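Q:
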Amino acid sequence: MMVGLSHYLVVSSALFSLGILGILTRRNAVNVLMGVELVLNSANLNLVAFSRFGSGNLQGQLFAVFVIVIAAAEVAVALAIVLTLYRLRRTPNLDETDILRG
Amino acid sequence: MPDVVASMKRFEPELILTGALLLVVVADATGARWRDVASRILTIGGLALALVRSVELRGGSAQVFGGMAVIDPLASFFEALLIGASLLVVLAFTFRNSRELHGLGQGEFYSLMLAVTLSNILLATANDLAMLYLALEMVSITSYVMVAYMKGDRMSNEASLKYILFGAVSTGAMLYGLSFLYGLTGTTSLPAIREFLAAGVTDSNRFAIYAIALLVFAGFGFKTATVPFHFWCPDVYQGAPTPVTAFLSVAPKAAGFAIMMRFFYTGLAVPRTGPWDLAGTIDWVRVLMVVSVLTMTVGNVAALTQTNMKRLLAYSSIAHAGYIMMGVVALSQNGARALMIYLLAYLFMNLGAFLVVTLVHLHDGTFDLRDYPGLYRRSPLLTVAMAIFLLSLMGIPPLVGFMGKLYVFAAIIERGPAYFWFAAVGAVNAAIAAYYYARVLKTMVIDTAPVEKPPFRLAFPDAAWVWILLLGNVLPLVWWARIDGWARTSLSLYAGP
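These protein sequence lines map, in sequence, to chains W and E. Per the working numbering, residue 68 is the first one in the first sequence, and the count goes up by one each step. Per the working numbering, residue 1010 is the first one in the second sequence, and the count goes up by one each step.
Below is the structure:
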C-alpha cells in the first residue's frame, strides 16, 4: 500500500481531535499542556505532508521547524507558571484555580 | 544576501528595539545598584529613538526578508502607534505609582516590554503565514510572562495560566487552519494566496476556505479579545498588574487588528478604490459582521453589572473591539482609515482610564467601584480626568472617542442599506455603554462615602501624565486635518510584487 497525502491528513486530524479532547476533559494543567502539544504537532504533520505531496516547495517544512521552536517556548513558559501556581496553591488542578470570576 | 542587507535598512526601528532589549538584559545582569535606573532610561531612550526613526523612514512600500514582512505606509502607521503606546505606558506607569509592581525587579519588566513592542511591530508587518504565526506567538508568550509578573500573587499567576491555556488552544486552532491554507494554495505568502483565490475557486474549495478562515480567526479573535474568544479577557485584566493590563488593552489589540486587517484585506480581498472585492467570492464579511455584533453586545451587557474597575474596563475593551471591527467589516479604504483612527483615539482614552484606576489604587488600595464615592471632593483633578476619559470612551463630542465612532459608523453606512441594521446595532450598543460609564461618574461625583477619607494630592509626575493623557483626548481635534491626512496617506497596503 502506498502511503499518500490522505493518510497523513487522517492521522493529523485524529491528533488534533485528541488534543482538543485532552484540553477539554483533563483537570491537571500539565495534561492540558500535553493536549496543546498534540494540536501543534497535528498542524506540523499537515505542513510537512502538504510540503511533500502537495505544493512541491519547502515553505511548509520551514514553517514546521519554526512551529517546533515556538511550541517548546510556549510549554517552557506555561510549565513555569504552573510551577509558581503550584507553589502558591499546592495543586496542579485547573478547576481549583478559581479566584478570578464574575 | 543583498536582500537581507537592503531589508536591514528598512528595519531600523526594529533593530533599535532589539539593541535596547539586549542592553537592558545586560544592564540588569550586572546586578549593580544603578541597574533599575539604567534599564528604565535605556527603554525610554530606545523606544523614543525607534519612534523617531520610524517616522523618518516613513513612505514607500516594499517586501523585506524575502517577502516574510512588508514595510508599507500601513505598517509605518502601526509601527508609530505601537511604539508610541509602549512609550506612553512606560512613562505614565512606573514602579513607583503602581502599588502592585512596587519593589519588584525592573530590568525584566522593561526587557519584556521591549520584546512585546518588537513582536507587536513584527505582527503588524507580517506578510507570510509563518511570520504571522511566529509574531503572534511571540506577542502572546511575552504577554503571558508580563501578566504573571507578580510572582507571589495568586491572582496574577492564575490569570496568566488562564491566558496561556486559552491562548495555546486559540493559536493552535489558528495554526491548524494555516496548515490547510498552505495545503490548499501551495504557498504561505499572503499576496500569492490572494492571487490563487482570485483566479477562481471550486465549490468544495470554497467550503474549505470558510472553515479555514474560521480556524484562523480563532487566533485573531484571541489577540483582539472578540467573542467567542474573549473569555480570558476579564480574568487576565483583573489579575495582571494594572500597568500590564493597560498595555495589553491597547498595544497587542492594535497589532491584532493590524494583522486581522492585513490577512483579510491582502489575503482574501482584491483592493480597489471604494469598496473592495472579495477574492474568490468568499464572503467572510458576513461572518465578521456577526462576530462584531456579538462582541459589542456581550461586552457592553456584561459590563453593566461589574463592580471591579479593572473588570469593568475589560468588558468595555471587549465592546470597543466590536466597534473597531466595524472598520474591518466595511472592507473599504474608509473602513481601514476608521479602524486606524479608532485605535489611535482608543490609545489615549483607555490608557487614561487605567492610569486613574492605578492612581486610586496607589492612594486607597482598592479597585472596587464601591470605594469610589466621594472621590470628587478628595481629588478633583483625578475625577475630572476620569470623567473626560469615560466621556471619550462613550463617544461624546468633542473628544477623540467621538471621532473614532464617527469614522467607523460613516464607513459602515457608506456601504449602503444592507449595512444599516449593523450601524443601528452599534448605536444601540453605544447607548448601553453610556449607562455603565455614567454609573462610574455618578459614583465618583454624586455618591457620598459613609466615612469621608482625607483628600490626597498626586505626586508631580503622576499629575503631569494625567494632564498629558487628558489633553491627548482633546487636543488632537485641533490638528484633526493632519491626523486625518496621516491616516489617509497610510492606507496603501502592499498588494504584491
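Cβ atoms here follow ideal geometry from the backbone N, Cα and C, with glycine treated the same way. Just so you know, these numbers come straight off a predicted model, no measurement behind them.
1) Can you give me the start and stop residues for the alpha helix (DSSP H) that W/I137 sits inside?
2) On the criterion of 16 or more Cβ atoms from any shown chain inside 10 Å, does E/M1010 qualify as buried, or is it exposed?
3) Would you check if there are 3 or more beta carbon pairs closer than 8 Å linking the stretch 1331 to 1348 of chain E to the stretch 1362 to 1374 of chain E?
4) According to DSSP, which residues form a beta bridge with E/S1198?
5) Distance check for W/V142 and E/L1113, CA to CA, integer angstroms please.
6) Alpha carbon to alpha carbon, how far is E/T1180 from W/V106? Give it in angstroms, no decimals.
7) So is E/Q1247 in contact with chain W if we call contact Cβ pairs under 7 Å?
8) Who does E/S1341 pair with in a DSSP beta bridge?
9) In terms of residue numbering, what span does the beta strand (DSSP E) encompassing E/V1307 cover?
10) By DSSP, does E/Q1115 sit in helix, in strand, or in coil?
11) E/I1150 and W/A140 - do their beta-carbons sit closer together than 7 Å?
12) How far does the alpha helix (DSSP H) with E/V1079 in it reach, from first residue to last?
13) Mind checking W/S118: buried by the 16 CB within 10 Å criterion, or exposed?
14) In chain E, what lies closer than 8 Å to W/A110 by C-beta?
15) In chain E, which residues lie less than 9 Å from W/E141 when you measure between Cβ atoms?
16) Quick one: what's got a C-beta closer than 7 Å to W/N95's C-beta in the same chain, skipping five residues either side?
17) Measure from the alpha carbon of W/A145 to the alpha carbon of each residue in W/I135, W/L100, W/L129 and W/T164, then state which is nearest.
18) By how many angstroms is the C-alpha of E/D1081 removed from the C-alpha of E/I1455?
19) What does W/I148 reach in chain E if we use C-beta pairs closer than 8 Å?
20) Tell me E/Q1072's beta-bridge partners as DSSP assigns them.
21) For E/L1356, collect the residues of the same chain with a Cβ closer than 6 Å to its Cβ; drop the 5 residues on either side in sequence, then sort them by chain order.
22) Flag W/I135 as yes if its beta-carbon sits less than 7 Å from any beta-carbon of chain A, otherwise no.
23) Would you grab the beta carbon distance between E/V1485 and E/V1409 for me? Rounded to a whole angstrom, and I think it's under 8 Å.
24) Sorted by chain position, which residues of the same chain lie with C-beta nearer than 7 Å to E/H1329's C-beta, five sequence neighbours on each side aside?
25) Can you tell which of E/A1047, E/A1144 and E/M1140 has its C-alpha closest to the C-alpha of E/L1127?
26) Starting from E/G1265, trace the alpha helix (DSSP H) in both directions and tell me its first and last residue.
27) Listing by chain order, which chain E residues have their CB less than 8 Å from the CB of W/A96?
28) Tell me which same chain residues have a C-beta within less than 6 Å of the C-beta of E/S1165, skipping the five on either side of it?
29) Report the residue from E/K1414, E/L1368 and E/F1411 whose alpha carbon sits nearest the alpha carbon of E/M1395.
30) Between E/F1020 and the rest of its own chain, which residues show a CB-CB distance below 7 Å, the 5 nearest in sequence each way excluded?
31) Would you kindly work out how many angstroms separate the C-alpha atoms of W/L150 and E/Y1246, rounded to a whole number?
32) Chain W partners of E/Y1191, CB-CB under 9 Å?
33) Would you mind telling me which residues of chain E sit closer than 7 Å to W/L152, beta carbon to beta carbon, in chain order?
34) At a CB distance below 8 Å, what residues from the stretch 1327 to 1353 of chain E approach chain W? Give them in sequence order.
35) For the alpha helix (DSSP H) holding E/S1048, just list the boundary residues, first then last.
36) Take E/L1516 as the anchor and find which of E/M1318, E/P1406, E/L1321 and E/L1083 has the nearest alpha-carbon.
A: Taking the coordinates as given:
1) Where W/I137 is concerned, the enclosing alpha helix (DSSP H) stretches over Q126 to R156.
2) E/M1010 should be labelled exposed.
3) By the Cβ criterion, the stretch 1331 to 1348 of chain E is not in contact with the stretch 1362 to 1374 of chain E, since fewer than three pairs of Cβ atoms, one from each stretch, lie closer than 8 Å.
4) BP columns for E/S1198 point to E/D1137.
5) Those two C-alpha atoms are separated by around 25 Å.
6) Their backbone Cα atoms lie some 10 Å apart in a straight line.
7) Yes, E/Q1247 lies at the interface with chain W (some Cβ there is under 7 Å from its Cβ).
8) E/P1284.
9) Element bounds for E/V1307: not the beta strand (DSSP E) but the alpha helix (DSSP H), W1293 to A1312.
10) Here E/Q1115 sits in helix by DSSP.
11) The answer is yes: Cβ separation under 7 Å.
12) It is not in any alpha helix (DSSP H) - E/V1079 instead sits in the beta strand (DSSP E) that spans A1078 to I1080.
13) By the neighbour-count rule (16 or more Cβ atoms within 10 Å), W/S118 is buried.
14) Chain E residues near W/A110: G1181, L1184, Y1185, L1187 and S1188.
15) Chain E residues near W/E141: E1146, S1149, I1150, Y1153, I1173, G1176, A1177 and T1180.
16) Non-local beta-carbon contacts of W/N95 in its own chain, meaning distances under 7 Å to residues more than five positions away in sequence, involve P159 and N160 in chain order.
17) The residue with the shortest Cα to Cα distance from W/A145 is W/L100.
18) The alpha-carbon separation between E/I1455 and E/D1081 amounts to approximately 50 Å.
19) Correct list: Y1153, A1157, N1166, S1169, L1170 and I1173.
20) DSSP lists E/V1079 as partners of E/Q1072.
21) Same-chain partners within the cutoff: A1094 and V1259.
22) Looking at the structure shown, chain A is missing, and the protein chains on hand are W and E.
23) Before going further, note that residue 1485 of chain E is Pro rather than Val in the sequence given. With a Cβ gap of about 5 Å, E/P1485 and E/V1409 count as contacting.
24) The beta carbon of E/H1329 sits closer than 7 Å to those of Y1355, all from its chain and outside the five residues before and after it, given in chain order.
25) Considering only alpha carbons, the answer is E/A1144.
26) It spans T1251 to R1271 - the alpha helix (DSSP H) in which E/G1265 sits, taken as one unbroken run.
27) The CB of W/A96 comes closer than 8 Å to the CB of L1170 and L1174 in chain E, given here in chain order.
28) Hits under 6 Å: A1157, M1159 and G1248.
29) The residue with the shortest Cα to Cα distance from E/M1395 is E/L1368.
30) Hits under 7 Å: V1073.
31) Our two residues, W/L150 and E/Y1246, have alpha carbons roughly 21 Å apart in a direct line.
32) Contact of E/Y1191 with chain W by beta-carbon distance below 9 Å involves N113, L114, F117, S118, G121, S122, Q126, G127 and F130.
33) Scanning chain E for C-beta atoms nearer than 7 Å to the C-beta of W/L152 yields N1166, E1167 and L1170, reported in chain order.
34) From the stretch 1327 to 1353 of chain E, no residue has a Cβ closer than 8 Å to chain W.
35) Counting along the chain, the unbroken alpha helix (DSSP H) around E/S1048 starts and ends at R1044 to E1065.
36) Residue 1516 of chain E lies beyond the range of chain E shown here (1010 to 1506); nothing can be said about it.
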